[in-house]
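What follows is a short report on a single structure.
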Amino acid sequence: MTADRWTDLFSRLLNAYGAQEWWPGDDDPLEIAVGAILTQHCSWRNAERALEGLRDAGALSIEALRDAPDERIHEAIRAAGFYRSKTATLKGFAERVAARYNGRIERLLDRPMRSLRDELLRIRGIGEETADAICLYAAGQASFVIDAYTRRLLERLGWIEGGESYADLRATFMAQLPADAELFNEYHALIVRHAKEHCRARPSCAGCPVDDLCMVPDAPGTGGSL
DNA sequence: AACCAGGAATGTA
DNA sequence: TACATTCATGGT
Numbered sequence: 012m013t014a015d016r017w018t019d020l021f022s023r024l025l026n027a028y029g030a031q032e033w034w035p036g037d038d039d040p041l042e043i044a045v046g047a048i049l050t051q052h053c054s055w056r057n058a059e060r061a062l063e064g065l066r067d068a069g070a071l072s073i074e075a076l077r078d079a080p081d082e083r084i085h086e087a088i089r090a091a092g093f094y095r096s097k098t099a100t101l102k103g104f105a106e107r108v109a110a111r112y113n114g115r116i117e118r119l120l121d122r123p124m125r126s127l128r129d130e131l132l133r134i135r136g137i138g139e140e141t142a143d144a145i146c147l148y149a150a151g152q153a154s155f156v157i158d159a160y161t162r163r164l165l166e167r168l169g170w171i172e173g174g175e176s177y178a179d180l181r182a183t184f185m186a187q188l189p190a191d192a193e194l195f196n197e198y199h200a201l202i203v204r205h206a207k208e209h210c211r212a213r214p215s216c217a218g219c220p221v222d223d224l225c226m227v228p229d230a231p232g233t234g235g236s237l
């Protein structure tokens with residue numbers, strides 16, 4: 012039987028780009044969670060620099076994040092932008108893990124996905140996408156991550172109207188796919204890869220693995236973005 | 001030299 | 001609910 016279109020889309024992307032292996036699982040969960048916060052509306056390249064900054068400052072631990080002066084965190088993560096907000100978010104996260112889980116992030120991440128997600132959402136600076144990224148990539152739990160690329164792709168495929176909420180899109184993916192963290196992990200990463208590499212690099216969209224659709228944002232005139 | 005990057009909170013109508 | 005603004009650095 013032919014797979015449904017949601018599974019088929021995944022297959023085409025995987026076939027085109029191969030496994031992306033974002034945060035494969037042998038990485039430090041704290042680094043992954045911190046990375047998820049740092050990369051908010053900022054390139055992963057700069058988020059990595061900020062991560063390095065924290066490492067160099069000796070601030071890559073729950074205790075250090077909680078106790079370090081704001082200025083020290085500011086310096087460390089400046090490259091990722093929005094450094095004041097992100098410092099507050101990192102501290103809010105660290106304070107919660109310290110206060111409620113004895114500083115052990117695994118205890119937070121081992122909670123059932125729904126309560127984990129709800130708790131992450133209480134932290135100021137952590138919204139739905141970041142909460143899902145932490146659930147999926149740090150905790151290895153099957154929570155689908157929706158981002159601007161995902162929305163744009165579904166719009167251009169004509170699979171959604173365009174006005175759906177984050178919760179709508181997440182629910183749609185999760186209703187159409189088996190609850191498999193490995194699948195969700197690769198799926199989201201592949202959508203990002205497709206948008207960045209294929210769509211941005213090739214204005215003509217020739218050889219697009221996704222129905223000859225490109226996700227170039229508001230391409231002037233033509234450019235293959237529909 | 002505008003525009004984008006693996007967003008979120010807040011304010012206004 | 002639906003938009004607009006703010007936060008901020010770095011690459012193209």
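In the working numbering, the protein residues as written are 12 to 237. Quick reminder that beta carbons are idealized off the backbone N, C-alpha and C, glycines included. This one's a predicted model, so the numbers in the text were calculated from it and none came from an experiment.
Considering Y177, what are the terminal residues of the alpha helix (DSSP H) in which it resides?
-> 177-187
Span separating the alpha-carbon of L62 from that of A68 = 10 angstroms
Skipping 5 residues on each side, what residues in its chain have a beta carbon closer than 8 angstroms to that of A47?
-> T141, A144, I145, Y148, A149
Under 8 angstroms, do T98 and D81 count as touching if we go by C-beta distance?
-> yes
Output yes or no for whether 8 angstroms exceeds the beta carbon distance between A90 and R60.
-> yes
Local Cβ density within 10 Å of E193, reported as buried at 16 or more and exposed below that = exposed
Can the beta-carbon of S154 be found less than 8 angstroms from the beta-carbon of R118?
-> no
So, using beta-carbon positions, are G64 and I43 closer together than 8 angstroms?
-> no
For the putative contact between R162 and L180, defined by C-beta atoms under 8 angstroms, what is the C-beta separation to the nearest angstrom?
-> 6 angstroms
Sequence-distant residues of its chain with Cβ nearer than 8 angstroms to E74 (five each side left out) = A105, A109, G114
Which residues in the same chain as Y10 place their Cβ atom closer than 8 angstroms to its Cβ, once the five residues preceding and following it in sequence are excluded?
-> Limits of the chain in this structure are 12 at one end and 237 at the other, which puts residue 10 out of reach.
Can you tell me the Cα-Cα spacing of G138 and L132, whole angstroms?
-> 6 angstroms
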